[in-house]
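Visitor: Below you'll find the structure I mean.
2 protein chains.
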Amino acid sequence: MSALEPLLEFLSIPSVSTDPAHKEDVRKAALWLAERLRERGFRTELHETPLHPILYAERLLDPKAPTVLVYGHYDVQPPDPLELWENPPFVPTVREGRVYARGASDDKGQLWAHVAALEDLPGRVNVKFLVEGEEEIGSPSLLPFVREHREKLQADVVLISDGAMFAPLTPTLTYGLRGLAYLEVRLKGARRDLHSGSFGGVAPNPIQAMGWILSKLKDEKTGRILVPGLYDRVRPVSEEEKRLWPPLDEEALRRELGVEVLPGEEGYSPLERLWTRPTLDPNGIWGGYQGEGSKTVIPAEAGFKVSLRLVPDQDPEEVASQVEAYLREICPPGYTMEILRLHGGRPVLTDPFSPPMRLMAKALEEVWGRPPVYTREGGTIPVVAELQDALHAPVVLLGLGLPDDNLHAPNEKFDLINLEKGIATLRRFYELLAQGG
Amino acid sequence: MSALEPLLEFLSIPSVSTDPAHKEDVRKAALWLAERLRERGFRTELHETPLHPILYAERLLDPKAPTVLVYGHYDVQPPDPLELWENPPFVPTVREGRVYARGASDDKGQLWAHVAALEDLPGRVNVKFLVEGEEEIGSPSLLPFVREHREKLQADVVLISDGAMFAPLTPTLTYGLRGLAYLEVRLKGARRDLHSGSFGGVAPNPIQAMGWILSKLKDEKTGRILVPGLYDRVRPVSEEEKRLWPPLDEEALRRELGVEVLPGEEGYSPLERLWTRPTLDPNGIWGGYQGEGSKTVIPAEAGFKVSLRLVPDQDPEEVASQVEAYLREICPPGYTMEILRLHGGRPVLTDPFSPPMRLMAKALEEVWGRPPVYTREGGTIPVVAELQDALHAPVVLLGLGLPDDNLHAPNEKFDLINLEKGIATLRRFYELLAQGG
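First to last, the sequence lines map onto chains C and S.
Residues 1 to 437 (UniProt numbering) are what the first sequence spells out, left to right.
Residues 1 to 437 (UniProt numbering) are what the second sequence spells out, left to right.
Right under this line is the structure:
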C-alpha cells in the first residue's frame with residue numbers, strides 16, 4: 001500500500017511530548033507532517049508554544065463549499081517499559097498485516113489516514129488541519145489556541161480519528177468521550193532516609209501512609225470512588241441510549257485482559273462503567289528501595305500519580321479540587337503532602353445523528369459492507385469539548401484503531417486494513433459531502 | 001594516640017563488600033587485619049568463601065584460662081553519594097577529635113579497638129577473633145561457618161562492638177537486638193499495561209490493590225500490625241526491665257528526624273516501640289509511570305518490599321509465614337500475588353547481668369567514671385543469635401559508636417575519645433577476667 005511507506009517514516013520519529021529529551025524530535029514530527037500537507041496543496045503554519053508547536057494547515061478551494069476541520073496529534077506516549085517491546089518502539093515493523101510502533105494507533109496512524117485520503121481527492125471541499133504535539137500531556141497550548149483562533153478554525157464539520165472501533169471489522173461512530181483529571185501526590189515524612197532497625201517504631205513511613213490514603217480513595221467492596229461530592233454532577237443514562245449500544249462480549253474482554261473478573265463499580269454493567277461512570281486509577285507509584293534484594297530503609301519521601309475519568313456533567317477543575325481537598329483531609333498526621341495538578345479534560349457528548357454523522361455512517365456502510373455501531377469511549381480528547389464550544393460545529397468521532405492496539409503500552413500496533421478502509425471511508429465521506437450529502 | 005595511625009591505614013582500604021569492583025580491596029582489608037593480629041601473637045586462618053574471606057585468629061595462652069571470642073566485620077557500605085562527603089570516604093581525615101571515613105564506626109573503628117587493646121596485655125586470657133567481610137550484605141557465608149566450626153569457636157564470652165552508645169559520654173551495655181523478616185510482594189492484574197481511558201472501569205489496578213493491601217497490614221489509628229498471630233509470641237517487658245533504661249529525649253529525637261510526631265504503636269513509649277515491639281515498614285514500592293508529567297496507564301504489575309523487626313520470642317520463618325498467609329488472604333480477587341522471602345534474622349535477648357556483663361560494667365565505670373546504661377537496640381545482627389545457639393556463651397554487646405555516626409550515610413565518623421576509652425575499657429575487662437572476675 002502506497003500510504004504505508006510515509007507512515008513508517010512518521011512512526012520512526014520519537015515524538016514523546018512528555019520527555020524534555022525528545023523536544024527536538026517532537027518538532028521534527030510536526031515539520032515532517034507539514035511537508036506532507038504542503039505536498040497535497042496545503043498552506044501550513046507552525047505556531048510556536050512554550051512547549052511543542054501547533055501545526056495549522058488549510059486547503060481552501062471554494063468559499064461556497066463545505067469546510068472540514070481535521071484534528072489530530074503528532075506526539076506520542078513514552079515507550080517504556082522498553083524491554084517488553086518485540087521491536088524497538090521507534091523502528092516501525094510490519095508483522096501479519098499490522099504495523100508495530102509507539103504511536104502506530106495513537107494517533108499517527110489514524111491521523112495519517114486523514115492526510116493520505118486527500119491525495120487527488122475528487123469533489124470540492126475545503127479542508128483544515130489542526131494538529132498538536134501536546135495531546136499526551138493534556139493539550140495545554142491547544143485549548144487557548146482554539147479559543148484565540150476560532151475564526152481561522154471555522155468549519156462545518158469537525159473530524160477526529162483518535163479512538164477505536166468497537167471490535168475488528170466493525171465500523172464505529174462515537175458520540176461521547178470521558179473527561180480527565182490527573183494529579184500527582186508527594187508525601188514526606190522524616191527529613192532523611194532512615195534505617196528501619198534504628199528508627200522503626202518512631203518514624204513516619206510515607207509508603208505506609210500512601211497505602212492508607214489509596215485505600216480511602218476507592219472502596220474495595222463496591223468499587224465506588226470515596227471522594228465526597230464526586231458523583232453529584234454525574235448525568236444518568238437513559239434506557240433509550242443504552243439500546244443504541246452494541247452488545248459487549250465480556251468473555252472476550254476477560255480473555256483479552258487475561259483476567260477472571262472485570263472489577264468495577266457495583267450496580268453498573270461493564271459498558272456503563274467504561275462509558276458513563278467516572279473512574280479513579282492510580283497510574284504510578286514510587287518510594288524507597290526498588291532494586292534487587294533488600295535494603296532496610298524507611299524512605300523520607302514517596303509519591304503516586306492518580307487520574308479520574310469524568311463523565312457529563314463533571315468539570316475537571318471542580319473534580320481536581322474535590323480530590324485535593326479530600327486528599328488533604330485523609331493525609332495522616334506527621335506527613336507533608338504536596339499535590340500537583342497535571343492536567344485535565346472535559347467530557348463530551350454529541351448528537352449521534354447529526355447530518356455529518358449520518359454522512360459518515362453512509363460512507364462506512366459502503367466501505368465496510370455493514371452499518372456502523374454507535375458507542376461512547378472511555379478515553380479523553382480534551383480539545384473536543386473546546387472545539388464544540390468554539391466552533392458550534394458537529395463533531396464526528398471516527399475511531400480507526402482497535403481495542404487491542406496496546407495504546408500507551410508496549411507493542412502498540414495499528415491494523416493495516418483499518419488504515420486502508422479508513423482512507424477509503426474518508427474519501428467517500430468527502431465525495432458525499434461535496435455532493436451536498 | 002598510637003592506636004590511631006594503624007586505624008587510618010585500615011580505613012583507607014575501600015573494602016566495599018557489595019561491589020564486585022572492590023573484591024580485591026575487601027581481601028586486602030582481611031589480610032591487613034590478619035597481619036596486625038599476627039603481630040600481637042595470633043595464629044590466623046583465612047577461610048575462603050564464594051565471596052569474601054572469613055578471618056579466624058586465635059591466641060591461646062592457657063587451656064585453664066577463660067576464652068573470649070571477638071566478632072566483627074572488616075567490610076563497609078558503599079560510600080555514595082560521594083558528593084556529600086567533606087573528605088574522600090577512603091582518605092580518613094581527623095577533624096575536631098573525630099575520624100571521618102567510610103567504616104570509621106561501622107565497623108573498622110570499633111573492631112580496631114578490640115585489636116589495639118591486646119597490645120602487651122597483662123593477665124592470661126585466651127582470645128579468638130571471628131571477622132567477616134560480608135556483614136553489609138547479610139552474612140551469607142558466616143552463619144553456616146559458625147554452625148560448622150562451633151568447636152573451634154568455643155568460648156566463655158562473646159564480645160561484639162558493632163553498635164552505638166546511647167548518647168555521647170554515656171557508657172552503654174546492650175542486651176537485646178531485634179530480628180528481621182523481609183519480604184517482597186509482586187502483584188499482577190491484567191496481562192499487559194492498559195490505557196486508563198479505554199479500560200478504566202473494568203481493569204484490575206495493582207497499584208490500587210497495593211493500597212488496599214498496605215492499609216490492612218497496619219492499622220492507621222492504633223499503629224498495630226494486623227497480621228493475625230503476629231503478637232502471639234511477643235514477650236511482655238517487665239517494669240523492672242524498663243527501669244534499667246535511660247530516659248529518651250523525645251524532643252531531641254523529633255528534631256533529629258525533622259518531625260512533629262513520633263508515630264508508632266498505641267500504648268507504648270518510643271523506647272518500648274524501638275526495642276521491645278515488632279514493627280512493620282514497607283521499604284520500597286513501585287508500579288506504573290514514575291517519570292515526570294502524566295501517563296494514563298493502568299499497569300499490569302506493581303510491587304512492594306516490606307520488612308518486620310522482630311522481638312523475642314518471634315521467629316523470622318514463622319513470622320514470614322504468617323505475613324505470607326495473611327497477604328494471600330487479603331489479596332483482592334482478580335490479582336495474582338507472588339511473594340519472595342528476602343532474608344531474616346532472629347531477635348536476641350541476653351542477660352544484662354551475666355557475669356561477663358557485670359565485669360564489663362565494672363570496667364566501663366572505672367574508665368568513664370560512671371556506670372553504664374542498659375539498652376536494647378532496634379537493629380539486627382543476624383550472627384548474634386547464631387553464636388548464642390552454637391556456643392552457649394553469654395554475649396556482651398559493647399557499642400562504641402554514637403547515634404550520630406552517620407552509618408551507611410555520607411561523612412561517617414568515629415569519635416576518638418570512644419576509641420581511646422574503648423581500648424582502655426577492653427584492657428580493663430581482660431584484666432578483671434584474668435583475675436577471675
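Here a beta-carbon is modelled for each residue, glycine too, at the ideal position from N, C-alpha and C.
Who are S/P282's beta bridge partners in DSSP?
Guide: Beta-bridge pairing links S/P282 to S/V306.
Visitor: I need the straight-line Cα distance from S/S105 to S/F414, nearest angstrom please.
Guide: Their backbone Cα atoms lie some 5 Å apart in a straight line.
Visitor: If you reduce the DSSP assignment to three classes, tell me which class S/F429 lands in.
Guide: Reduced to three states, the DSSP call for S/F429 is helix.
Visitor: Taking only the alpha-carbon atoms, compute the straight-line gap between C/F10 and C/D25 and give it to the nearest angstrom.
Guide: So the alpha carbons of these two residues sit roughly 11 Å apart.
Visitor: On the DSSP bridge list, what partners appear for S/Y71?
Guide: Beta-bridge pairing links S/Y71 to S/L130, S/I160.
Visitor: With a 10 Å radius around its C-beta and 16 neighbouring C-beta atoms as the bar for buried, classify C/M1 as buried or exposed.
Guide: Confidence is the limiting factor: at C/M1 the pLDDT is only 49, short of 50, which leaves the residue's position unreliable, though a coordinate-based value still follows. Per the 10 Å Cβ criterion, exposed.
Visitor: For S/A203, which residues in chain C fall below 7 Å Cβ to Cβ?
Guide: The contacting residues are L257.
Visitor: Residues of the segment 59 to 85 of chain S in Cβ contact with chain C at a cutoff of 9 Å, in chain order, please.
Guide: Hits within the stretch: zero.
Visitor: Compile a chain-ordered list of the residues in the segment 277 to 290 of chain S whose CB is closer than 7 Å to at least one CB of chain C.
Guide: Against chain C - using a Cβ distance shorter than 7 Å - the residues of the segment 277 to 290 of chain S are R277, T279, D281, P282, N283, G284, I285, W286, G287, G288, Y289, Q290.
Visitor: Spatial neighbours of C/L8 within its chain, please: CB distance less than 6 Å, with the 5 preceding and 5 following residues excluded, ordered by chain position.
Guide: Once the five neighbours on either side are set aside, the close Cβ partners of C/L8 are P92.
Visitor: Which bits of chain C does S/V261 rub up against, with CB to CB less than 7 Å?
Guide: Here the neighbours are P333, G334.
Visitor: Classify S/A325 as buried or exposed, calling it buried when 16 or more other Cβ atoms lie within 10 Å of its own Cβ.
Guide: Looking at its Cβ environment, which holds fewer than 16 other Cβ atoms inside 10 Å, S/A325 is exposed.
Visitor: Keeping to the same chain, check which residues put their C-beta closer than 7 Å to that of C/K295; ignore five residues upstream and five downstream.
Guide: Closer than 7 Å at Cβ, skipping near neighbours: Y289.
Visitor: With a threshold of 8 Å on Cβ separation, who are the neighbours of S/P81 within its own chain once the five nearest residues in sequence on each side are excluded?
Guide: Contacts found: P410.
Visitor: Counting only beta-carbon separations shorter than 8 Å, does S/F304 have a partner in chain C?
Guide: True, the Cβ-Cβ gap to chain C drops below 8 Å.
Visitor: Which residues, in chain order, does the segment 157 to 189 of chain C contribute to contact with chain S at a C-beta distance below 8 Å?
Guide: Listed by position, the residues of the segment 157 to 189 of chain C near chain S (Cβ gap below 8 Å) are A164, R178, L180, Y182, E184, G189.
Visitor: If we call anything under 8 Å between Cβ atoms a contact, is C/F166 one with C/P78?
Guide: It is not a contact, given that the beta carbons lie outside the stated cut-off.
Visitor: So within the UniProt domain "Peptidase M20 dimerisation" (175 to 333) of chain C, which uninterrupted beta strand (DSSP E) runs reach at least 3 residues, ignoring any that extend past its ends?
Guide: DSSP runs (the beta strand (DSSP E)) wholly in the UniProt domain "Peptidase M20 dimerisation" (175 to 333) of chain C: 179 to 188, 279 to 288, 301 to 310.
Visitor: Below 8 Å between beta carbons is the criterion; list the residues of the segment 324 to 358 of chain C that meet it against any residue of chain S, in chain order.
Guide: Listed by position, the residues of the segment 324 to 358 of chain C near chain S (Cβ gap below 8 Å) are P332, P333, G334, L342, H343.
Visitor: Taking contact to mean at least 3 C-beta pairs separated by less than 8 Å, is the segment 23 to 37 of chain S in contact with the segment 156 to 173 of chain C?
Guide: The segment 23 to 37 of chain S vs the segment 156 to 173 of chain C: no contact.
Visitor: Let me know if S/P236 comes out buried or exposed under the rule of 16 or more other beta-carbons within 10 Å of its beta-carbon.
Guide: Exposed, since its Cβ has fewer than 16 Cβ neighbours within 10 Å.
Visitor: Secondary structure at residue 497 of chain S, three-state DSSP: helix, strand or coil?
Guide: The shown model of chain S, from 1 to 437, leaves out residue 497 of chain S, and the question about it has no answer.
Visitor: According to the neighbour-count rule (16 or more other Cβ atoms, all chains shown, within 10 Å of its Cβ), is C/H73 buried or exposed?
Guide: C/H73 is buried by the Cβ-count criterion.
Visitor: Quick one: measure Cβ to Cβ for C/L230 and C/R309, integer angstroms, because I've assumed they're closer than 8 Å.
Guide: Not quite, the Cβ-Cβ distance comes to about 12 Å (not below 8 Å), so this is no contact.
Visitor: Can you tell me the Cα-Cα spacing of S/G344 and C/T276, whole angstroms?
Guide: In a straight line, the C-alpha of S/G344 is about 49 Å away from that of C/T276.
Visitor: Rank S/Q388, S/G223, S/Y335, S/L400 by C-alpha distance to the C-alpha of S/R147 and give the top, closest one.
Guide: Checking every option, the nearest Cα to that of S/R147 belongs to S/Q388.
Visitor: Helix, strand or coil for S/D106 per DSSP?
Guide: Helix, per DSSP.
Visitor: Pull the bridge partners of C/F145 from the DSSP assignment, please.
Guide: Paired residue(s): none; C/F145 is not in a bridge.
Visitor: Let me check understanding here. Comparing Cα to Cα, which of S/L217, S/P316, S/G334 lies closest to S/L342?
Guide: Closest by alpha carbon: S/P316.
Visitor: Quick one: list the residues of chain S neighbouring C/R191, beta-carbon separation under 9 Å, in chain order.
Guide: Here the neighbours are E256, L257, G258, V259.
Visitor: Using a Cβ distance threshold of 8 Å, determine whether the segment 187 to 203 of chain S contacts the segment 375 to 392 of chain C, with at least three qualifying pairs required.
Guide: Result yes; three or more Cβ-Cβ pairs closer than 8 Å.
Visitor: Would you kindly report the start and end of the unbroken alpha helix (DSSP H) that includes S/M337?
Guide: From DSSP, S/M337 is part of no alpha helix (DSSP H) but of the beta strand (DSSP E) over 336 to 345.
Visitor: On the three-state DSSP scale, how would you describe S/F10?
Guide: Reduced to three states, the DSSP call for S/F10 is helix.
Visitor: To which residues does DSSP link S/A57 through a beta bridge?
Guide: For S/A57, which the question treats as bridged, DSSP gives the partners S/T44, S/F129.
Visitor: Determine whether the Cβ of C/K295 lies closer than 8 Å to any Cβ atom of chain S.
Guide: C/K295 counts as touching chain S.
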